[in-house]
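For what it's worth, UniProt numbering labels the leading residue of the sequence shown as 1, then goes sequentially.
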Amino acid sequence: MFNFLRSFSTILAVTIGLLGICVVLYAWRLPPFTSAVEVTENAYVRGPVTMIAPQVAGYVTEVPVQDFETVEKGDLLVQLDDRIYRQKLEQARAELDAQKAALANSEQSRHSAEAKLRSTQAQLAGKKAALQQAEADWKRVEPLVDRGVVNKASGDESRSRRDQAQAAYDEAKAEIEVARQELQSTIVNRASLKAAVEGAEAAVHLAEIDLDNTHITAPASGRLGQVGTRIGQYVSAGTQLVALVPESIWVVANFKETQVAKMRIGQPVTFTVDALEGASLSGHIERFSPATGSEFSVIKSDNASGNFTKVAQRLPVRIAIDPGQPLSERLAPGMSVVATVDTAAKSAPEIADEGDRPTSGNASGKKPVRIGRTESRAGDARLETN
């Protein structure tokens with residue numbers, strides 16, 4: 001009897017030990033419990049949620065939409081009081097007209113300056129001819145005065161005419177220089193006025209843009225979030241008015257780095273949605289994140305210490321939702337899903353570029369060492385002491 005009890009106790013202990021080993025192997029998905037299917041509950045529906053905000057400040061005069069309403073691209077969402085911006089546009093247009101008038105006057109001034117320059121140049125030619133005649137007369141009279149043939153008074157008169165002609169010629173030359181400077185000033189002023197006209201035109205365009213920005217419209221088709229804007233409310237530039245959720249959505253699943261070794265772009269994915277009572281939908285792997293989620297965090301962990309805990313990092317995987325699924329219309333960004341990837345399935349098409357798939361190995365191209373691919377909560381960390 002005693003031997004029987006001892007044998008039974010031994011068999012029971014061995015059985016319990018074997019069951020414990022099997023539980024550990026199953027939890028870690030170690031042989032013979034390995035599986036090509038990778039599952040994660042750390043997955044969510046994502047979409048390009050756009051926060052609608054005004055580019056100008058003003059009082060809200062109209063809100064023609066309601067919470068969770070479906071809108072089309074270009075539909076009016078919020079209307080701001082545009083009276084001030086209309087007056088600013090009229091003011092900018094008036095300034096533009098004034099600058100254009102000044103430019104036209106400058107054109108007339110340029111023509112006048114050119115005509116004055118031509119007139120002074122003609123006068124210079126006449127003064128030069130008069131000077132040459134006076135010099136010739138003086139050259140004839142001067143020797144006669146020296147010989148006494150002509151009296152001194154006549155000689156003085158001839159010399160005086162020559163000096164007057166010289167002074168008139170010099171004055172004409174100076175007037176030409178003045179006319180040239182006036183023409184140059186007119187040309188320079190015209191360039192400045194052209195720049196002023198261009199600046200006034202830009203001011204008109206800016207005023208038109210500001211006026212147009214008082215009409216806040218939907219940048220794309222989609223559904224609105226909660227509309228918190230009310231008529232009479234003052235909003236400043238950048239104030240978030242309402243969220244717009246476009247129609248395009250996808251799934252982002254955060255797999256452990258030990259799960260992605262055999263994943264490829266194009267592999268089929270099935271996922272269940274908690275909000276749809278576990279309904280199953282299909283998709284495929286579209287692309288992999290260039291880094292793990294911890295690399296994008298604001299505060300990164302510092303492992304430069306004596307002891308550290310090695311935690312399996314998670315790599316975000318973008319999953320495209322296959323079209324033609326009626327339940328996909330009920331998906332909304334932020335919903336929780338459970339994503340399942342069959343790594344044994346062939347991708348469509350098979351990706352030849354090995355750089356498009358992430359591996360848990362090194363960059364030398366050698367086959368990576370597979371530590372384990374299950375997402376069990378046990379075994380997430382391994383403590384190493386130095």
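Even for Gly, the Cβ is constructed at its ideal location relative to N, Cα and C.
The structure presented is a predicted model; accordingly, all values stated were derived computationally and were not measured.
DSSP three-state assignment for residue i, whether helix, strand or coil
i           : result
Phe186      : Phe is not the amino acid found at residue 186; the sequence shown has Thr there. Of the three classes helix, strand and coil, the one that applies to Thr186 here is helix, per DSSP.
Lys310      : strand
Lys256      : strand
Gly365      : For Gly365, the predicted structure reports a pLDDT of 41, less than 50, and the residue's modelled location is therefore unreliable. A value from the coordinates is still provided. Gly365 falls in the coil class under three-state DSSP.
Ala243      : strand
Phe288      : strand
Ala36       : coil
Gly278      : coil
Ala320      : strand
Asn105      : helix
Thr15       : helix
Gly20       : helix
Val178      : helix
Ser9        : helix
Ile216      : strand
Gly238      : coil
residue 411 : Here the chain has residues from 1 to 386 only, and residue 411 is not among them.
Val251      : strand
Ser360      : Model confidence at Ser360 stands at a pLDDT of 40, short of 50, so the residue's coordinates are unreliable; what they give is reported in the following sentence. Note: Ser360 maps to coil in three-state DSSP.
Gly355      : Low local confidence applies: a pLDDT of 49 at Gly355 is under 50, so the model's placement there is unreliable, with the coordinate-based value given in what follows. If DSSP states are grouped into helix, strand and coil, Gly355 belongs with the helices.
Gly47       : coil
Pick from the options that is closest to residue i, judged by C-alpha positions
i      : options                        : result
Ala167 : Ala153, Cys22, Thr343, Glu135  : Glu135
Val56  : Lys139, Lys300, Asn105, Thr239 : Thr239
Lys310 : Leu25, Phe271, Met51, Lys256   : Lys256
Asp274 : Ala36, Ala43, Val24, Gly20     : Ala43
Ser112 : Gln181, Gly278, Phe271         : Gln181
Ala291 : Arg314, Gln91, Lys300, Arg159  : Arg314
Lys194 : Ser9, Ala312, Ala102, Gln132   : Ala102
Leu80  : Leu224, Ile231, Thr258         : Ile231
Arg83  : Asp212, Val65, Thr15, Glu95    : Asp212
Leu45  : Gln108, Glu114, Pro333         : For the record, residue 45 in the displayed sequence is Val; it is not Leu. Here the closest residue by C-alpha is Pro333.
Glu247 : Val63, Ile16, Glu62, Glu69     : Glu69
Asp75  : Thr40, Thr217, Pro326          : Thr217
Glu157 : Ala172, Lys173, Ser294, Lys139 : Lys139
Ala36  : Lys262, Gly278, Ser294, Ile299 : Lys262
Asp67  : Ser294, Asn254, Gly222         : Gly222
Beta-carbon gap between residue i and residue j smaller than 9 Å
i           : j      : result
Val269      : Ala339 : yes
Val317      : Val245 : no
Gln233      : Tyr85  : no
Ala53       : Ala220 : no
Arg330      : Leu241 : no
Ile285      : Ala320 : yes
Val204      : Phe271 : no
Glu38       : Thr343 : yes
Leu206      : Val65  : no
Asp170      : Leu89  : no
residue 388 : Ala200 : Because the chain spans 1 through 386 in this model, residue 388 falls outside it and cannot be assessed.
Ile176      : Leu96  : no
Gln325      : Ser297 : no
Arg110      : Arg190 : yes
Gly47       : Trp250 : yes
Val197      : Gln121 : no
Thr229      : Val24  : no
Ser119      : Ala179 : yes
Gln123      : Ala172 : yes
Any chain B beta carbon closer than 9 Å to residue i
i     : result
Ile16 : No chain B appears in this structure, which consists of one protein chain only.
Where the beta strand (DSSP E) containing residue i begins and where it ends
i      : result
Ala335 : Per the sequence shown, the amino acid found at residue 335 is Met instead of Ala. Counting along the chain, Met335 falls outside any beta strand (DSSP E), and DSSP gives it neither H nor E.
Phe271 : 268–273
Gln325 : That residue, Gln325, is in no beta strand (DSSP E); it is neither H nor E in DSSP.
Thr229 : Run containing Thr229: none; DSSP gives neither H nor E here.
Gln79  : 76–80
Thr61  : 58–62
Thr343 : Careful: Thr343 lies outside any beta strand (DSSP E) and carries neither H nor E.
Ile52  : 50–52
*Examine the Cβ distances between the segment 121–136 and the segment 158–165 and report whether three or more of them are shorter than 8 Å.*
The segment 121–136 makes contact with the segment 158–165; the number of CB pairs closer than 8 Å reaches 3 or more.
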